[in-house]
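Protein chains: 2
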Amino acid sequence: MKKLINDVHEVVAQSVEGFAAAHADLVISSGDPEALFISRAGGASAGKVGLVSGGGSGHEPLHGGFVGRGMLDAAVPGAMFTSPTPDPILAATKAADGGAGVVHIVKNYTGDVLNFETAAELAQMEDIDVASVVVDDDVAVQDSLYTAGRRGVAGTVLVEKIAGAAAERGDDLQSVAAVAQRVNDNMRSMGVALTACTVPHAGQPSFDLAPDEIEIGIGIHGEPGRERIKATSADEITDLLLNPVLEDLGAASGEQVLLLVNGMGGTPASELYIVYRRALAHLADRGVQVRRSLVGNYVTSLEMQGASITVLRLDDELTQLYDAPVVTPGLRWGA
Amino acid sequence: MKKLINDVHEVVAQSVEGFAAAHADLVISSGDPEALFISRAGGASAGKVGLVSGGGSGHEPLHGGFVGRGMLDAAVPGAMFTSPTPDPILAATKAADGGAGVVHIVKNYTGDVLNFETAAELAQMEDIDVASVVVDDDVAVQDSLYTAGRRGVAGTVLVEKIAGAAAERGDDLQSVAAVAQRVNDNMRSMGVALTACTVPHAGQPSFDLAPDEIEIGIGIHGEPGRERIKATSADEITDLLLNPVLEDLGAASGEQVLLLVNGMGGTPASELYIVYRRALAHLADRGVQVRRSLVGNYVTSLEMQGASITVLRLDDELTQLYDAPVVTPGLRWGA
């Protein structure tokens, strides 16, 4: 294992320290090893609904990279691929609370769901209203290594972006939670791995893929997908991902969508755009119009090579919220 | 070789096609296989100095990802790791010309330098004034596989950003070229590779590194660096890169700099921030103040794992130009 790290036990702490220093104009780190979280440099906005997300580290820029105006108020980085405990989630929730309540955006992994639930109960005891939205956009498998039901994957960035814009324009707690839920309900994803990734403290790849094998439906922690197949062309792989996504979504001709091609961390940008090119043509063939696009590394799996495709059905309100200004280390436009 | 591609001969063409479609609000592709270039969606601005760069593909987002307001007017993607020929450079130069002349920003590789020179001569014959600036920020080696003198590496993004802002505010041809030159003169870089990368049409890694070996001073095409050493900690590697950079730059206590930690394409963001953290501490120990920071994948080498560090000495004007709005697919702020 070759990595740009110092100590396998210090990867998250040192990375968050560097991240907060590099983006000190936008974010601060609690710096507390017992309750590590990242929040907006300016603190909570009075009267605004707070947005908190988090989960195991190793998916950067998710979630810390999406803290800032128009998106999250706080993010809780767990250990690598490991859910954060309730204490830091509670601390982040308190930091994000501006008196109007806090929405928890939780990827559907059993540990995350349980720990965010506990933190929400603790926050309620301190008179902070919490609404929770669970993201489960991955159509690949039902139940998985760490999950009952479907997994939450790359679409999480879209939930955070759009719900963040709703909170920023002044929506109340239930409305922000409702728009986050609406994004999740109208969105499906599926991914492919060309290579595995290595969690630092594990020291070896999380699974094995033969030199000519790829895994269709991979999870963002390397959990098993639908099938292993011989490596094939980008166009064929794109179709293998997009077909189940569109069938499950029930995308019909004439509909407008957002197309997200997400890199797993180790994929050259040039390859993501080749996947995007095919996805666009595939959608056009079905009469589905791509109204907005996002291509890049947003929800990664360390250095894994691979990509995922997310399709979100858009309406005018979701489009407007997606377009709204966002100023975070990982996503930035319009301001 | 497993890659998300269709045909090794179509990688650049299909990638550029996808890129232009994904960012149609910002850029257009010429779509001409004989003269492929990317330019601003709005065309050249009358009276503004045009900025053109280019070079072998495989370093995305450089250069096409930096076309847009406040940065490049056009970019010319060659084949993978191969200089573009004069024809597309000439076509891009004509597209970028708004009547005030065009600055060529050229990374110092023999093929790039020759082909941009030829294109500049052809443009002059069509009454377009061209000024050229050669970027050679890599302190690792003098002369290299494809280079006489020093190589142009990650600092190129800073030249493009700052010169782009100078052009946008209305500086004339010689002034834009002068500020680009000033950035190059005040900037040094050095990189490290943990793994090699594979050029699609080559089909095998461009060099071999043992499982416990890293290469200090690597070029962005995998050209040899200064030395191969046993893999060591991120902090030690950071010091091995930063020491020659700062010595060559002659950075003195009390000076203010921009610190760029650039990923080579396959490096997790978490690792880049660990390198950034150490670089910041190292600079602080020397009394050098980091006034601006940039961390991410800007000048990559396909899926190579590794990073480079660039230090740019700042003054008030360079800082102001760096901070100016930029709206490109790969770099965006302030607008």
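Top to bottom, those sequences are chains A and B. Read in my numbering, the first sequence has 1545 at position 91, and its numbers run on one by one without any break. Read in my numbering, the second sequence has 1545 at position 91, and its numbers run on one by one without any break. Beta carbons: idealized from backbone N, C-alpha and C, even for Gly.
Check	Outcome
Our contact map puts W1787/A next to R1786/B with C-beta atoms below 8 Å; I'd like the distance itself, whole angstroms only.	6 Å
Return the bridge partner residues of D1592/B from the DSSP annotation.	S1643/B
DSSP on T1601/A, reduced to helix/strand/coil?	strand
Can you list the residues of chain B that Q1468/A reaches, using a CB-CB cut of under 7 Å?	I1728 and R1731
Can you check whether the C-beta of H1675/B is within less than 9 Å of a C-beta belonging to chain A?	no
In the DSSP assignment, what are the bridge partners of E1669/B?	A1647/B and R1682/B
Chain A beta carbons: is any one of them nearer than 9 Å to that of E1424/B?	Any answer about residue 1424/B is impossible in this case: the structure gives chain B only from 1455 up to 1789.
For S1762/A, name the three-state secondary structure that DSSP assigns.	strand
According to DSSP, which residues form a beta bridge with L1505/A?	V1557/A
How many whole angstroms separate the CB atoms of I1543/B and G1512/B, which I take to be in contact at a CB cut-off of 8 Å?	Not a contact, Cβ separation roughly 18 Å.
May I ask you to verify whether the segment 1604-1622 of chain B touches the segment 1522-1536 of chain B, counting CB pairs closer than 8 Å and requiring at least 3?	yes
CB-CB under 8 Å to V1780/A, same chain, minus the five flanking residues each way: which ones, in chain order?	G1522, R1523, G1524, M1525, K1615, G1618, A1619, R1786, W1787, G1788 and A1789
Could you work out which residue in A1574/A, E1677/A, Q1468/A and S1707/A is closest to T1539/A when comparing CA atoms only?	A1574/A
According to DSSP, is M1718/A helix, strand or coil?	coil
Which term fits G1673/A, buried or exposed, when burial requires 16 or more other beta carbons within 10 angstroms of its beta carbon?	buried
Check each candidate in R1623/B, F1570/B, L1726/B and P1515/B and name the one with the smallest Cα separation from V1749/B.	L1726/B
Given this structure, state the Cα-to-Cα distance separating D1693/B from N1460/A, to the nearest angstrom.	13 Å
Nearest by alpha-carbon distance to L1737/B: which of A1723/B, I1482/B and L1712/B is it?	L1712/B
How is the beta strand (DSSP E) around Q1468/A delimited, first residue to last?	Run containing Q1468/A: none in the beta strand (DSSP E); it sits in the alpha helix (DSSP H), V1465 to A1476.
Heavy atom of the ligand NAP less than 8 Å from the Cβ of A1617/A, yes or no?	In terms of ligand content, the structure shown is empty, and the ligand NAP therefore cannot be addressed.
Using a Cβ-Cβ distance under 9 Å, would K1457/A count as near chain B?	yes
For a test of the three-state rule: what should DSSP assign to T1652/A, helix, strand or coil?	strand
What residue from S1707/B, A1723/B and E1669/B has the CA that sits closest to G1741/B's CA?	S1707/B
Given that E1471/A touches chain B, what residues does it touch there, using C-beta distances under 7 Å?	R1731
Thinking C-alpha only, which one of A1608/B, R1623/B, T1764/B and V1557/B is nearest L1703/B?	T1764/B
Going by the CB atoms, is the gap between A1545/B and K1502/B shorter than 9 Å?	no
A1585/B bridges to which residues according to DSSP?	V1557/B
Got a sec: is the Cβ-Cβ distance from A1550/A to anything in chain B below 9 Å?	no
Between the segment 1557-1588 of chain A and chain B, which residues of the former have a C-beta closer than 8 Å to a C-beta of the latter?	none
For P1698/B, name the three-state secondary structure that DSSP assigns.	helix
Can you give me the Cβ contacts of P1638/A inside the same chain, cut-off strictly under 8 Å, excluding the 5 residues immediately before and after it?	Note that residue 1638/A corresponds to Asn in the displayed sequence, not to Pro. Once the five neighbours on either side are set aside, the close Cβ partners of N1638/A are V1587, V1588, V1589, D1590, D1591, G1609 and V1613.
Can you grab the Cα-Cα spacing for the pair F1520/B / G1510/B, in whole Å?	15 Å
Is it the case that the Cβ atoms of I1766/A and M1641/A are separated by a distance below 9 Å?	According to the sequence as given, residue 1766/A is Leu; it is not Ile. In contact: L1766/A and M1641/A (Cβ atoms closer than 9 Å).
Would you decide whether E1514/A is buried or exposed? Buried here means 16 or more other CB atoms lie within 10 Å of its CB.	buried
Within its chain, find whatever has a CB closer than 7 Å to the CB of G1552/B; leave out the 5 residues flanking it on each side and keep chain order.	A1498, S1499, A1500, G1501, K1502 and G1504
With 8 Å as the C-beta to C-beta threshold (strictly closer), list the residues of the segment 1480-1513 of chain A near chain B in chain order.	S1511 and G1512
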